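Peer 1:
In this note's numbering, the protein residues as written are 28 to 277.
So this is what it looks like as structure tokens:
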């Protein structure tokens, strides 16, 4: 009889202990979930309620319509009032402003470091063109209008200041340019004064030169040596794999 009582007592003990462990695990899971929600919400400057709304939206239509979009844009898109929409719009504007400001600061540091380390050495060796494509490499290069605008990549444009179509060609490339890329403009047969006047005419700002977004250069005979076709001529230099491809702006 005593043994039977001991067995029952042990059974109740293990049952209660197991139940206590399960309850503790459940509490820990809830705490972990709450912490995750709070951290995610704080990261985007949202309340936990706003973050919950975002997660619910991503379980529905937004999951398919906005699969790779940040929480602020999702919430702003599905905002129920103008005030709510304006609030998210303002936050996005501030976020993008700060990002652009920091990215331009990085770009300035990058170009200053290059000048300090390498002096006047050209970032883009135009001699690589002839090695890849010979004297008529434009026929070998493929139009490459996808996968552009990666950090460190460069557009190379051959023009002159009195070319009929060159101004618009540059402006079209400029309108497609993203932060972190550079447009190297090489002028055929132009003086420094003509290059400066051209820059003013097309609206090249001093900050764009300072930030390394645009460089204005006198061609040193490369264009003629490679028997280039009629101006303007543009190329895209993918710095990651070293490929130089012909480019036509949209």
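Cβ atoms here follow ideal geometry from the backbone N, Cα and C, with glycine treated the same way.
Computed from a predicted model, the values in this text were never measured in an experiment.
Classify residue 169 as buried or exposed, calling it buried when 16 or more other Cβ atoms lie within 10 Å of its own Cβ.
Peer 2: Only weak support is given to the placement of residue 169: the predicted model assigns it a pLDDT of 43, under 50, and the value that follows is read from those uncertain coordinates. Exposed: under 16 other Cβ atoms inside 10 Å.
Peer 1: How many whole angstroms separate the CB atoms of residue 203 and residue 277, which I take to be in contact at a CB cut-off of 8 Å?
Peer 2: The pair is a contact, with the Cβ atoms about 7 Å apart (cut-off 8 Å).
Peer 1: Does residue 245 pass the burial test, meaning 16 or more other C-beta atoms within 10 Å, or should it be called exposed?
Peer 2: Label assigned to residue 245: exposed.
Peer 1: In or out: residue 188 buried (at least 16 other Cβ within 10 Å) or exposed?
Peer 2: Result: buried.
Peer 1: In this structure, does DSSP put residue 104 in helix, strand or coil?
Peer 2: It is helical.
Peer 1: How is the beta strand (DSSP E) around residue 285 delimited, first residue to last?
Peer 2: Summary: the structure shown does not reach residue 285, with the chain confined to residues 28 through 277, and so no result is reported for it.
Peer 1: Between which two residues does the beta strand (DSSP E) carrying residue 271 extend?
Peer 2: Unbroken beta strand (DSSP E) run through residue 271: 270-273.
Peer 1: What residue does the alpha helix (DSSP H) around residue 196 start on, and which one ends it?
Peer 2: Residues 193-203.
Peer 1: Pull up the distance between the alpha-carbon of residue 153 and that of residue 192, whole angstroms please.
Peer 2: Model confidence at residue 153 stands at a pLDDT of 47, short of 50, so the residue's coordinates are unreliable and nothing is read from them.
Peer 1: Who does residue 265 pair with in a DSSP beta bridge?
Peer 2: 270, per the DSSP bridge assignment.
Peer 1: Taking C-alpha atoms, which residue in 257, 247, 241 and 225 lies nearest to residue 216?
Peer 2: The candidate whose alpha carbon is nearest that of residue 216 is 247.
Peer 1: Alpha carbon to alpha carbon, how far is residue 106 from residue 211?
Peer 2: Taking the straight line from one Cα to the other gives about 43 Å.
Peer 1: To the nearest angstrom, how far is it from the Cα of residue 183 to the Cα of residue 104?
Peer 2: Whole-angstrom Cα-Cα distance: 38 Å.
Peer 1: With a cut-off of 8 Å on the beta carbons, I'd call residue 262 and residue 207 a contact; round off their distance for me.
Peer 2: Residue 262 to residue 207, Cβ: 18 Å. No contact.
Peer 1: Assuming residue 260 and residue 185 form a contact by the criterion Cβ under 8 Å, report the distance between their Cβ atoms to the nearest whole angstrom.
Peer 2: Contact flag correct, Cβ pair sits at about 5 Å.
Peer 1: How many Å lie between residue 275 and residue 101 at the Cα?
Peer 2: Roughly 34 Å separates the two Cα atoms.
Peer 1: Would you call residue 139 buried or exposed, if buried means 16 or more other Cβ atoms sit within 10 Å of its Cβ?
Peer 2: Counting Cβ neighbours within 10 Å, residue 139 comes out exposed, since fewer than 16 surround it.
Peer 1: Taking just the CA atoms, how far does residue 120 sit from residue 242?
Peer 2: Each residue's Cα considered, the two are about 29 Å apart.
Peer 1: State the Cα-Cα distance for the pair residue 226 and residue 209, rounded to the nearest angstrom.
Peer 2: Approximately 15 Å, taken between the alpha carbons.
Peer 1: Per DSSP, which one or two residues make a beta bridge with residue 260?
Peer 2: Answer by DSSP bridge pairing, in chain order: 185.
Peer 1: What are the uninterrupted segments assigned as alpha helix (DSSP H) that are 4 or more residues long and contained completely in the region 222-251, given in chain order?
Peer 2: Whole alpha helix (DSSP H) segments, 4+ residues: 233-237.
Peer 1: Pick helix, strand or coil for residue 69, following the three-state DSSP scheme.
Peer 2: Three-state result, residue 69: helix.
Peer 1: How many Å lie between residue 118 and residue 112 at the Cα?
Peer 2: Distance between the alpha carbons of residue 118 and residue 112 is about 10 Å.
Peer 1: Taking the alpha-carbon of residue 126 as reference, which of 109, 257, 205 and 75 has the nearest alpha-carbon?
Peer 2: The shortest Cα separation from residue 126 among 109, 257, 205 and 75 belongs to 205.
Peer 1: CA-CA distance, residue 79 and residue 273?
Peer 2: Cα to Cα, residue 79 sits roughly 48 Å from residue 273.
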